[in-house]
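Enquirer: One structure is given below, represented as C-alpha cells, and several questions about it will come after.
Number of protein chains: 2
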Amino acid sequence: MAVSPPTSVSAAALHEFDSLLGSERVISSEEGLVEWRDPFQHSNWDEYTASAVVMPETVEEIQEIVRIASRRGVPLWTLGQGRNNGYGGPAPRVKGSVIVSLRNMNRVLEMNEELGYAVVEPGVRWFDLYEAIKTGGHRLMLSIADVGWGSVIGNTLDHGITYMPYGVDMGMQCGMEVVLASGEVMRTGMGAMPGNRAWHVYKRGLGPTPDQLFMQSNFGIVTKMGVWLMPYPEVYMPIWVRVWKDDHLGPVVDTLRRLMLEDTIRMVPQVMNTLLYGSVFTRREQWWQGAGPMPDETIDHMGRELDIGRWLLRAALYGDEAVVDYRFAKVQREFGRIPGCDVWGSKCAPDEIPALENPAERVQGGVPSLDLNAMTAWYGGEEGGHIGFSPIAPLTGHDASALRDLLRGMIEDAGLDYIAALLPINARSFAHITLVIFDTKNEPQARAAYDVAKRLVRDAAKLGYGEYRAHLDFMDLAQEQYSFGGHAYRRFCETIKDALDPAGILSPGKQGIWPKSMRAGGRHST
Amino acid sequence: MAVSPPTSVSAAALHEFDSLLGSERVISSEEGLVEWRDPFQHSNWDEYTASAVVMPETVEEIQEIVRIASRRGVPLWTLGQGRNNGYGGPAPRVKGSVIVSLRNMNRVLEMNEELGYAVVEPGVRWFDLYEAIKTGGHRLMLSIADVGWGSVIGNTLDHGITYMPYGVDMGMQCGMEVVLASGEVMRTGMGAMPGNRAWHVYKRGLGPTPDQLFMQSNFGIVTKMGVWLMPYPEVYMPIWVRVWKDDHLGPVVDTLRRLMLEDTIRMVPQVMNTLLYGSVFTRREQWWQGAGPMPDETIDHMGRELDIGRWLLRAALYGDEAVVDYRFAKVQREFGRIPGCDVWGSKCAPDEIPALENPAERVQGGVPSLDLNAMTAWYGGEEGGHIGFSPIAPLTGHDASALRDLLRGMIEDAGLDYIAALLPINARSFAHITLVIFDTKNEPQARAAYDVAKRLVRDAAKLGYGEYRAHLDFMDLAQEQYSFGGHAYRRFCETIKDALDPAGILSPGKQGIWPKSMRAGGRHST
Chain A
957 MAVSPPTSVS AAALHEFDSL LGSERVISSE EGLVEWRDPF QHSNWDEYTA SAVVMPETVE
1017 EIQEIVRIAS RRGVPLWTLG QGRNNGYGGP APRVKGSVIV SLRNMNRVLE MNEELGYAVV
1077 EPGVRWFDLY EAIKTGGHRL MLSIADVGWG SVIGNTLDHG ITYMPYGVDM GMQCGMEVVL
1137 ASGEVMRTGM GAMPGNRAWH VYKRGLGPTP DQLFMQSNFG IVTKMGVWLM PYPEVYMPIW
1197 VRVWKDDHLG PVVDTLRRLM LEDTIRMVPQ VMNTLLYGSV FTRREQWWQG AGPMPDETID
1257 HMGRELDIGR WLLRAALYGD EAVVDYRFAK VQREFGRIPG CDVWGSKCAP DEIPALENPA
1317 ERVQGGVPSL DLNAMTAWYG GEEGGHIGFS PIAPLTGHDA SALRDLLRGM IEDAGLDYIA
1377 ALLPINARSF AHITLVIFDT KNEPQARAAY DVAKRLVRDA AKLGYGEYRA HLDFMDLAQE
1437 QYSFGGHAYR RFCETIKDAL DPAGILSPGK QGIWPKSMRA GGRHST
Chain B
957 MAVSPPTSVS AAALHEFDSL LGSERVISSE EGLVEWRDPF QHSNWDEYTA SAVVMPETVE
1017 EIQEIVRIAS RRGVPLWTLG QGRNNGYGGP APRVKGSVIV SLRNMNRVLE MNEELGYAVV
1077 EPGVRWFDLY EAIKTGGHRL MLSIADVGWG SVIGNTLDHG ITYMPYGVDM GMQCGMEVVL
1137 ASGEVMRTGM GAMPGNRAWH VYKRGLGPTP DQLFMQSNFG IVTKMGVWLM PYPEVYMPIW
1197 VRVWKDDHLG PVVDTLRRLM LEDTIRMVPQ VMNTLLYGSV FTRREQWWQG AGPMPDETID
1257 HMGRELDIGR WLLRAALYGD EAVVDYRFAK VQREFGRIPG CDVWGSKCAP DEIPALENPA
1317 ERVQGGVPSL DLNAMTAWYG GEEGGHIGFS PIAPLTGHDA SALRDLLRGM IEDAGLDYIA
1377 ALLPINARSF AHITLVIFDT KNEPQARAAY DVAKRLVRDA AKLGYGEYRA HLDFMDLAQE
1437 QYSFGGHAYR RFCETIKDAL DPAGILSPGK QGIWPKSMRA GGRHST
C-alpha cells in the first residue's frame, strides 16, 4: 500500500478544476463516481476508488490540470476509455485519485490513405476509428482488440493485444504527442521537428526513442498518436484448427511456431481452450451443476457438443488469393500431422467481413463489436467478472504445456474453472491469457479468485514466466518479481519518474512504479 | 562546443584504469590512438580525439570503469567496433574523452535454433555472428549491414540499417543488459525477472520498455543483446529493377510503396543512383576528368556503359518457391508499367548464397563481406572519405523527388557529386542516404564537404525532413532542428540524462544530448 495516500481530493483543488472545466466536466458525487469503479470488484470493496473525475477536451486543458495537480499534490489517474477490464477497469491505483478521463477527446485528426495511417486522440474507440475509415471510403483495415469499446490509444498504452498483421509485436503505433508532468507538450520521433513530414511513418527520431516509455507507465499523458492501417488485401481468410485431446496443445503450438517463423501465418492467433470459446455463447450451468471445477469428461462432452474440441485455434490469412490458397494448403498439411486435427476456413473479400456471422472472424478482419464480451457471464447473471492473469512464455509446446499445468492446477485448487487462451504476440512468444472468472456478487468466490491470481503471480515467476500486464490489485506483487540486480529495472524507472514528475502526480503506482513521496524508506512496501 | 570539456584524462585516472585492466588494455600513446580517430577526418583536424582507450573484457570491468570515471569526472565514449564511418568513426564527441572499446567482448553467448535467436556481446561483428551460425550448423539467417566489420550491437544502437525482413523497422533486437552510469547492471524486458524464459523472445516487460532509450543515446553501456535470426526460407531471390531516366525515381518509389504496403516485398531495399552503385566498382576518373560535379550526360553514359541505368533498385524475396514465383511475377508486372523499366532476378537455395558473385546479393542474403566498402575511393587514392547525410521522408514519389532536388542542387553547388541511395526502413518511410564523398587529403574539398553537409541539415529541416543519425561534427546542429515545444524532446532527454548520470560521464554530447555540467546556461551552445 502507498505511504499516506490521499483519500480525497481537497475542496480547493476541486474548485480549481471546476473553474477550468465547468462543473459539468468535473464529477465528484458518489453516484456519479460509481461507473468509474472497477466493474468486477465486489461492491463492498473500496480500495481503488477515485474522488473525482475530470474530463478535459483540449491539450491545453490537460496541461492546466497537470499544473493544478502539481501545485496541489493531487494524484491523477489517466484513461482513454477506461475499459481495462480484468485489470481494474477505470479504477485508480491510489484511493482518492482524480481520474483524468479523455473520453471527450475523440477526434480522428488525420487519415492518410496513400501511406496507410491515422492520427487519433485518446478518446477515440475502435468503433470510432473503424467508422471514420468507412465514412471516408478508405480501403484500409484497422487491427482491433476483441471488444470494440476500448480506446485505441488506451489499449496501445497498456500493451493491449490486437490480431491483424500489424498486431504482431504490437507494432502499429507510430509517433506520439505527450503532456509531461511539468505541463510541457512533447512530440516524439520525427514529430519533435516542427512541420516534419515523417512523424507518423518512421518510428524513431534523432536520439533515444521514448515512445515505449509512455506505455504501461506514469511518465506522461499521451494526447495524440499515429496508428498504422493496412491496405485491403485481395482476400481475407479466417481459419480454424481444432484438436480433441488436451495433450495436443503441445503439437499445435510447435506447428504454429514453425508456420509463424516462416511467415505462412503473420498475425496474432488465439489458441483457446474449450471453456474460453464455449463461454462466449453458453453458460456454465448448461454443462455442469456440480461443486468445484468442471471435470475433464464434462469438458470433453462440451467440446464435442459445441464442435469446438479441447483446443481451438483461430487465425487468419490476408493477401493475394493465390498466396492465401497456397498458404492455407500448407496450414492444412502441417496441422494435419496431428491425429484427429481438423483445419477449415473460407475466403471472402474485405468488403464482406462485416456480414460474417462469427464475431471472432469479424475481429480478425478488423470489424469491431461487443459480441466477445459475453464470456464473463460464465457463472450466470449479469454480474460476471474476471481477473486477467497473463504471463508471457516462449512459443514452444513445452512451455505451453508447463504453463497450462501450473495454471490449471492452481485455479482448480481454488474451486474455479481454467479458462484460457494462448496469444502469440509474435512467432517466438505468447501471452497465456487466463480469465479467472467469478460472480462479483459472490464474495467468497470473488475473494478466492483474487487470492489465486496472486499466488499465480509468484508461482509462475518461479518457473520463469512473468506477467505482461498486471491487475491493480497485484501490480506491486507482479513488479516485485522483476528483481534482477536488486530491482535495478524498477529503480531505473523510479529514477526517471522522480526526475520527470517530482510532485509524483501522474498515475502513482502504475505497474508498481511509485514516486519518491509514496515509497517507504526509499522503497514502496508491498 | 562543450563548456570546458576536458582535453586530456588525468594521470590519476589513467593509473586507476591501468590497475584495473593492466597496461596492455589501456592505450594512451599518440601512435596507439591514431586508429581511434575518425578515418575520414582531415589529418590536420583534432577536435574529436580521445586521450585514451580502455578495453574491458567483462561486465564487472565495465562497472568498475564507470565508477572510476564518475569519481574522477572522466567523459567516456563507448563503442562496439567503432565502425561508425561517415558519422565520425570511433572518435568521441568531446575531445579528451576515454574511449571504452568493447572489441574484446566478442562472445556469442547463446544460439537458439528452435526460437531463432542469438545473444551477443558488443564486440561481436557481423562476421563473427555469421560464422557462429555456420559453425553451429544452424539453418538461420542474420540480417546484416552492408559492410561486415561492424558490431551487431553497435550498429543496432546507432539505428543502423540492415536489409533482410527483420531489418524492417530495425526490428531484430530483443532484450538487453545495460551497465548504467551508477555502475549498476540492469536487464530490460522479461530479463528484469531472474531466470525468465522469454527475455529474448518478447520485446517488452511489465512497465515501460526502455530498450530504445539506449539507442543513439548516452544513458548506459549495453553489454548483452538478443538478436532475432530468420529460419532458412525455401528459396532466396535477389531482384533488380532498373530505370533509365532520372525522373522515373518518383514512379519507382510509388510502385515500391504499394508493393511493400501489401507485403509483396518485405525487407529493406535500396534505390541507388548511378554514381552510388557505380562507385562500388569504378573510379570517377574513368568517366569524368572535368572540374565540378559530373554532368547529366556523363551520368547517363556511365549508367548505360555499366548497365545500371539512372536508378537501380536492389531488393529480394524470401520464402516458399511458389510464393516467391508469384511475387516476382507481380513485381515484374507492377514495375513494368514504367517505360523502359527492366526487372530481373534469379532464385537460389540459402546454402548457395555465399557463392553469389554480386556482393549486394550476398548482403541481402545475410553473407557479410567488405566488398561494398570500396565506394569511398571514388575520387581516387586510398584516402577516400565520406560524410553520411541521411534525412527520413515518407515513401512517396513526391518526397523522393523533392529531397533529390534539394540535395543534388546543394551538393553540386559545392562542387561535389550527388551520390545517394533511398533505403525504405518500412513500407511508409525511407532514409535518403547521401554519401558526401571527398578526398581526405584534399583539405579544401574536405572542408567543402563538411560545410555543405551542415547546410543540408538546416535546409532539409525547412522542408520537413530530419536526419535519422548525425555525424559528430553536426550532432548539435541536427538536434537543434528538433525544436518542437521549445526543444521539449531534448529537455526531456537531458532531464533523464541528469537523473541517470549526474556526473555526466557517459558519451556526453551524443546526438546533441548533454549532461548538465556541459550545458551553457542550462543549454549547450552550438
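Taken in sequence, the protein lines are chains A and B. So the first sequence is numbered by this note's numbering: it starts at 957 and just counts up by one. So the second sequence is numbered by this note's numbering: it starts at 957 and just counts up by one. Ideal placement from N, C-alpha and C gives every residue a C-beta, glycine not left out. The model shown is predicted, which means the values in this text are computed figures rather than measured ones.
Please classify Val-1090/A as buried or exposed, where buried requires at least 16 neighbouring CB atoms within 10 angstroms.
Expert: The count along the first sequence starts at 1 and reaches residue 1090/A at position 134. With the sequence shown as reference, residue 1090/A is identified as Lys, and Val is not the correct amino acid for it. Lys-1090/A comes out exposed.
Enquirer: Would you mind working out which of Gln-997/A, Thr-1220/A, Gly-1092/A sits nearest Phe-1284/A, comparing C-alpha positions?
Expert: Mapped onto the first sequence, residue 1284/A falls at position 328. Comparing Cα-Cα distances from Phe-1284/A to each of Gln-997/A, Thr-1220/A, Gly-1092/A, the minimum goes to Thr-1220/A.
Enquirer: How many whole angstroms separate the CB atoms of Gly-1163/A and Cys-1449/B, which I take to be in contact at a CB cut-off of 8 angstroms?
Expert: Locating residue 1163/A in the first sequence gives position 207, where the first residue counts as 1. Locating residue 1449/B in the second sequence gives position 493, where the first residue counts as 1. With 8 angstroms as the limit, Gly-1163/A and Cys-1449/B qualify as a contact, their Cβ atoms being about 6 angstroms apart.
Enquirer: What are the start and end residues of the beta strand (DSSP E) that includes Leu-1487/B?
Expert: Not covered by the structure: residue 1487/B. The range shown for chain B is 957 to 1482.
Enquirer: Closer than 8 angstroms between beta carbons: that is the criterion. Which residues of the region 1351 to 1368 of chain B meet it against chain A?
Expert: Listed by position along the chain: Leu-1351, Thr-1352, Asp-1355.
Enquirer: Does Trp-1300/A pass the burial test, meaning 16 or more other C-beta atoms within 10 Å, or should it be called exposed?
Expert: Translated into positions along the first sequence, residue 1300/A becomes position 344. Per the 10 Å Cβ criterion, exposed.
Enquirer: For the region 1345 to 1355 of chain A and the region 1208 to 1216 of chain A, state whether three or more C-beta atom pairs, one from each stretch, are separated by less than 8 angstroms.
Expert: Verdict: yes, contact present.
Enquirer: Evaluate the contact criterion for the region 1366 to 1375 of chain B versus the region 1428 to 1443 of chain B: three or more CB pairs, one atom per stretch, below 8 angstroms.
Expert: In short, these stretches do not touch, since the Cβ pair count stays below three.
Enquirer: Kindly identify the DSSP beta-bridge partner or partners of Ala-1376/B.
Expert: Taking the first residue of the second sequence as 1, we reach residue 1376/B at position 420. Ala-1376/B is bridged to Thr-1390/B.
Enquirer: Within its chain, find whatever has a CB closer than 7 angstroms to the CB of Ser-1481/A; leave out the 5 residues flanking it on each side and keep chain order.
Expert: Position 525 of the first sequence, counted from the start, is the residue given in the question as residue 1481/A. Residue placement at Ser-1481/A cannot be trusted, given a pLDDT of 44 that sits under 50; what the coordinates show is reported in the next sentence. For Ser-1481/A, where only same-chain residues beyond five positions count, there are no Cβ hits under 7 angstroms.
Enquirer: CB-CB under 6 angstroms to Arg-1095/B, same chain, minus the five flanking residues each way: which ones, in chain order?
Expert: Here residue 1095/B is taken as the residue at index 139 of the second sequence, counted from 1. Hits under 6 angstroms: Tyr-1188.
Enquirer: Buried or exposed: where does Gly-1145/B fall if 16 or more other Cβ atoms within 10 Å of its Cβ makes it buried?
Expert: Reading the second sequence from its first residue, position 189 is the one you call residue 1145/B. Flag for Gly-1145/B reads buried.
Enquirer: Using the beta-carbon count (16 or more within 10 Å), is Gly-1478/A buried or exposed?
Expert: Reading the first sequence from its first residue, position 522 is the one you call residue 1478/A. At Gly-1478/A the pLDDT is 48, less than 50, meaning the model places this residue with poor confidence; the figure from the coordinates comes in the next sentence. That one is exposed.
Enquirer: Are Ala-1006/A and Leu-989/A close, meaning C-beta to C-beta below 8 angstroms?
Expert: Looking up residue 1006/A in the first sequence gives position 50. Looking up residue 989/A in the first sequence gives position 33. In this structure, Leu-989/A lies closer than 8 angstroms to Ala-1006/A by Cβ.
Enquirer: With burial defined as no fewer than 16 other Cβ atoms inside 10 Å of the residue's Cβ, what is the status of Arg-1326/A: buried or exposed?
Expert: The residue labelled residue 1326/A in the question sits at position 370 within the first sequence. Note that residue 1326/A is Leu in the sequence shown here, rather than Arg. Leu-1326/A is exposed by the Cβ-count criterion.
Enquirer: Which runs of the alpha helix (DSSP H) fall wholly inside the region 1301 to 1332 of chain B and span at least 4 residues, in chain order?
Expert: The region 1301 to 1332 of chain B contains these whole alpha helix (DSSP H) runs: 1315 to 1320.
Enquirer: Distance check for Glu-1140/A and Glu-1190/B, CA to CA, integer angstroms please.
Expert: Position 234 of the second sequence, counted from the start, is the residue given in the question as residue 1190/B. Position 184 of the first sequence, counted from the start, is the residue given in the question as residue 1140/A. About 52 angstroms.
Enquirer: Between the C-alpha atoms of Gly-1340/A and Asn-1041/A, what's the straight-line distance to the nearest angstrom?
Expert: In the first sequence, counting from the first residue as 1, residue 1340/A sits at position 384. In the first sequence, counting from the first residue as 1, residue 1041/A sits at position 85. Looking at the two C-alpha atoms, the distance is approximately 11 angstroms.
Enquirer: Look up Asp-1298/A in the DSSP assignment and say whether it is helix, strand or coil.
Expert: Residue 1298/A sits at position 342 when you count from the first residue of the first sequence. Three-state result, Asp-1298/A: strand.
Enquirer: So within the region 1032 to 1092 of chain B, which uninterrupted alpha helix (DSSP H) runs reach at least 4 residues, ignoring any that extend past its ends?
Expert: The region 1032 to 1092 of chain B contains these whole alpha helix (DSSP H) runs: 1082 to 1091.
Enquirer: Where DSSP assigns a beta bridge to Ala-1455/B, which residues make up the other side?
Expert: By one-based count along the second sequence, residue 1455/B stands at place 499. Beta-bridge pairing links Ala-1455/B to no other residue.
Enquirer: Using the C-alpha atoms, what's the distance from Ile-1255/B back to Lys-1201/B?
Expert: Within the second sequence, numbered from 1, the residue matching residue 1201/B stands at position 245. Within the second sequence, numbered from 1, the residue matching residue 1255/B stands at position 299. Distance between the alpha carbons of Lys-1201/B and Ile-1255/B: 11 angstroms.
Enquirer: Answer with yes or no whether the minimum CB distance from Gly-1206/A to chain B is below 8 angstroms.
Expert: Here the question's residue 1206/A lines up with position 250 in the first sequence. No, no contact with chain B.
Enquirer: What residues in the region 1150 to 1167 of chain B have a beta carbon less than 9 angstroms from any beta carbon of chain A?
Expert: So the close ones are Pro-1150, Gly-1151, Asn-1152, Arg-1153, Ala-1154, His-1156, Val-1157, Tyr-1158, Lys-1159, Arg-1160, Gly-1161, Leu-1162, Gly-1163, Pro-1164, Thr-1165, Pro-1166, Asp-1167.
Enquirer: Using a C-beta cutoff of 8 angstroms, does Gln-1288/B count as contacting chain A?
Expert: Reading the second sequence from its first residue, position 332 is the one you call residue 1288/B. By this cut-off, Gln-1288/B is not an interface position.
Enquirer: If we define contact as Cβ-Cβ less than 8 angstroms, is Met-1146/A a contact residue for chain B?
Expert: Mapped onto the first sequence, residue 1146/A falls at position 190. Yes, because at least one Cβ of chain B sits closer than 8 angstroms to the Cβ of Met-1146/A.
Enquirer: Determine whether the Cβ of Ala-958/A lies closer than 8 angstroms to any Cβ atom of chain B.
Expert: As a working note, residue 958/A is residue 2 in the first sequence. Caution is warranted here: a pLDDT of 40 is assigned to Ala-958/A, below 50, making its placement in the model unreliable, and no coordinate value can be reported.
Enquirer: With a CB to CB cut of under 7 angstroms and the five nearest residues on each side skipped, what residues in its chain are close to Asn-1152/B?
Expert: The sequence position of residue 1152/B within the second sequence is 196, counting from 1. Contacts found: Met-1146.
Enquirer: By how many angstroms is the C-alpha of Ala-1148/A removed from the C-alpha of Arg-1446/B?
Expert: In the second sequence, counting from the first residue as 1, residue 1446/B sits at position 490. In the first sequence, counting from the first residue as 1, residue 1148/A sits at position 192. So the two alpha carbons sit approximately 9 angstroms from each other.
Enquirer: Could you give the DSSP three-state label for Gly-1442/A: helix, strand or coil?
Expert: As a working mapping, residue 1442/A is identified with position 486 in the first sequence. Looking at Gly-1442/A - three-state DSSP - the assignment turns out to be helix.
Enquirer: What residues are listed by DSSP as bridge partners for Asn-1229/B?
Expert: Here residue 1229/B refers to the residue found at position 273 of the second sequence. Answer is Trp-1267/B, bridged to Asn-1229/B.
Enquirer: Considering only the beta carbon of each residue, do Ala-1455/A and Thr-1451/B sit closer than 8 angstroms?
Expert: Residue mapping note: residue 1455/A aligns to position 499 of the first sequence, counting from 1. Residue mapping note: residue 1451/B aligns to position 495 of the second sequence, counting from 1. In this structure, Thr-1451/B lies closer than 8 angstroms to Ala-1455/A by Cβ.
Enquirer: Spatial neighbours of Gly-1182/B within its chain, please: CB distance less than 6 angstroms, with the 5 preceding and 5 following residues excluded, ordered by chain position.
Expert: One-based indexing of the second sequence puts residue 1182/B at position 226. So the list reads Tyr-1073, Val-1075, Cys-1130, Gly-1131, His-1156, once near-sequence residues are dropped.
Enquirer: Put Ser-1107/B into one of helix, strand or coil per three-state DSSP.
Expert: To locate residue 1107/B, count along the second sequence from 1; it is residue 151. Strand at Ser-1107/B.
Enquirer: Arg-1143/A lies in the beta strand (DSSP E); which residues open and close that run?
Expert: Locating residue 1143/A in the first sequence gives position 187, where the first residue counts as 1. 1141 to 1143 is the span of the beta strand (DSSP E), which, as asked, contains Arg-1143/A.
Enquirer: Quick one: what does DSSP say Leu-1351/B is sitting in, helix, strand or coil?
Expert: As a position in the second sequence, residue 1351/B is number 395, starting the count at 1. Three-state result, Leu-1351/B: coil.
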